[in-house]
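A short write-up of the structure that comes next.
Number of protein chains: 2
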Amino acid sequence: MEHVKDSLRDINKDFESRARLGIMSVLMVEDGVDFTFLKETLQLTDGNLASHLRALEEAGYLRIEKQFVGRKPNTRYTATTAGREAFQSHLDALEKLILGNKTD
Amino acid sequence: MEHVKDSLRDINKDFESRARLGIMSVLMVEDGVDFTFLKETLQLTDGNLASHLRALEEAGYLRIEKQFVGRKPNTRYTATTAGREAFQSHLDALEKLILGNKTD
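Sequence order for the protein chains is A and B.
So the first sequence is numbered by numbering that gives the first Met the number 0: it starts at 0 and just counts up by one.
So the second sequence is numbered by numbering that gives the first Met the number 0: it starts at 0 and just counts up by one.
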């Protein structure tokens, strides 16, 4: 049962939910995505997406950049280096758990 | 971004939390584990573990068997077939997400 103990230790509660797994997965491959793109890719409501983005920003895992496109305000989201590293550790922990389930 | 959409669809909210990932991982390899074993392996409090076990039982993912060992009551937890199948699908979805993060 050691693999379970080991991998659980590195599972990060900040990334536990389906929505946050999705947000970080998108931000691992795309820089500066906008709200609408995230919303459509992840099929979340505005309120739900906004609250997860805020929590991830507060944890220092993503950066919010506000700019204008013409006269329209536009907000873009990018993973920080800390966010990339933390999410990668989380994925590694999940992978260890999955592998443990296969070989035990 | 299709891999994110695809894998999120099969991520099961019932297994999202660290505690439930741990419980199901243990039950995938061991039948009839008792409360103390789960508690020590997963390092959870009694209340927290009990509430996750109850939720997983209500979802039909595990079976609770009460018996006596001598005069002492003893409760044992075993994954149901539905629980094993659902958890395996969840792990497969997580694996897809992890692989997508590696190759994109």
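Even for Gly, the Cβ is constructed at its ideal location relative to N, Cα and C.
Buried versus exposed, by CB contacts within 10 Å (16 or more), residue i
i             : result
residue 47(B) : exposed
residue 81(A) : exposed
residue 69(A) : exposed
residue 50(A) : exposed
residue 14(A) : buried
residue 86(A) : buried
8 Å Cβ cutoff, residue i in contact with chain B
i              : result
residue 152(A) : Because chain A in this structure spans residues 0 to 103, residue 152(A) falls outside the shown range and cannot be described.
residue 40(A)  : yes
residue 94(A)  : yes
residue 24(A)  : yes
residue 90(A)  : yes
residue 10(A)  : yes
residue 75(A)  : no
Terminal residues of the alpha helix (DSSP H) in which residue i lies
i             : result
residue 36(B) : 34–41
residue 78(A) : Residue 78(A) -> not in any alpha helix (DSSP H); beta strand (DSSP E) instead, spanning 71–78.
residue 24(A) : 17–28
residue 54(B) : 45–57
Cutoff 8 Å: residue i Cβ touching any chain A Cβ
i              : result
residue 68(B)  : no
residue 103(B) : In this predicted model, residue 103(B) has a pLDDT of only 49, less than 50, meaning its place in the structure is not dependable; the value taken from the coordinates is given anyway. Yes, contact with chain A.
residue 50(B)  : no
residue 21(B)  : yes
residue 14(B)  : no
residue 99(B)  : yes
residue 65(B)  : no
residue 7(B)   : yes
residue 4(B)   : yes
residue 83(B)  : no
residue 17(B)  : yes
Start-to-end residues for the beta strand (DSSP E) that takes in residue i
i             : result
residue 63(B) : 61–68
residue 4(A)  : Where residue 4(A) is concerned, there is no enclosing beta strand (DSSP E), although the alpha helix (DSSP H) it sits in stretches over 1–8.
Would you say the stretch 30–41 of chain A touches the stretch 59–71 of chain B, given that touching needs at least three Cβ pairs under 8 Å? no
Give a yes or no on contact between the stretch 18–35 of chain B and the stretch 2–19 of chain A, applying the rule of three or more CB pairs nearer than 8 Å. yes
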